[in-house]
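The structure appears below as structure tokens.
In this note's numbering, the protein residues as written are 1 to 244.
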């Protein structure tokens, strides 16, 4: 595993995650970053939630563009990046990867490129289209922006060998950050995830193991389908002191 990469491996049930920080921690003395996923129908509501996220202690926000009912890419990306009080991660998840976007694929990738060029801190690109995206930008991107290449398995958790091969495939696709999400059917599935990381931990204690990222909900309505996967920030901060 390349030392410059950050591995994020997530299990959707039970709500656990194993993560590896390959960059020695950034943005806080404690290297764990708290990310708030934002899923709203309008940009105005998204921006309101970004401020709630900051007030609640988040380090960055994941902007789910596929949740918007009306979307003007240049106008709305510029507004979100300009007015968000926190660093931004843009995700434009298609239906074939569990999201809501069902439009033209070329236009979707162009939006992610525009987000990157407009000042996004992170963008999420699905493994299935990562090579296509990398070719479209000719392998060039702003130094500020990190590309997360993600893979989602909603059926099960692969073997340790298959997970290791998947990590290598994602790295080869040009990822700055590797993200693997799987569905754990029992505790042994979670154990397999732990085996492919150097530092592995339950989500609520990941800060004690120098993890890169954990996530919480700003409020239940911001992402109802994630409620069984994410802690509310209140519960999270009651369980763990992140600034210690």
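Cβ coordinates follow ideal geometry from the N, Cα and C atoms, glycine included.
The alpha helix (DSSP H) runs of length 4 or more contained entirely in the region 61-132 are, from start to end of the chain, 73-83, 105-118.
Across the structure, residue 156 and residue 40 are spaced so that their CA atoms are roughly 29 Å apart. A Cβ-Cβ contact shorter than 8 Å links residue 144 with residue 121.
For residue 54, the enclosing alpha helix (DSSP H) has its first and last residue at 43-56. The three-state secondary structure of residue 182, taken from DSSP, is strand. For residue 36, the enclosing beta strand (DSSP E) stretches over residues 33-38. With contacts defined by Cβ atoms closer than 8 Å, residue 49 and residue 89 do not form a contacting pair. Each of 100, 181, 85 was checked against the Cα of residue 150, and the nearest Cα belongs to 181. In the DSSP assignment, residue 148 forms a beta bridge with 124, 177. Counting only residues of its own chain and dropping the five nearest sequence neighbours on each side, residue 71 has a CB closer than 7 Å to the CB of 65. With distances taken between CA atoms, residue 100 lies nearest to 68 out of 56, 169, 68. DSSP, read as helix, strand or coil, puts residue 139 in coil. Going by beta carbons, residue 95 and residue 102 fall inside the 8 Å limit. Straight through space, the alpha carbons of residue 86 and residue 55 are spaced by roughly 10 Å. Assignment of residue 156 by DSSP, reduced to helix, strand and coil, places it in the coil class. Per DSSP, residue 196 lies in no alpha helix (DSSP H) and is assigned neither H nor E.
Straight across, the Cα-Cα distance linking residue 75 with residue 137 is about 21 Å.
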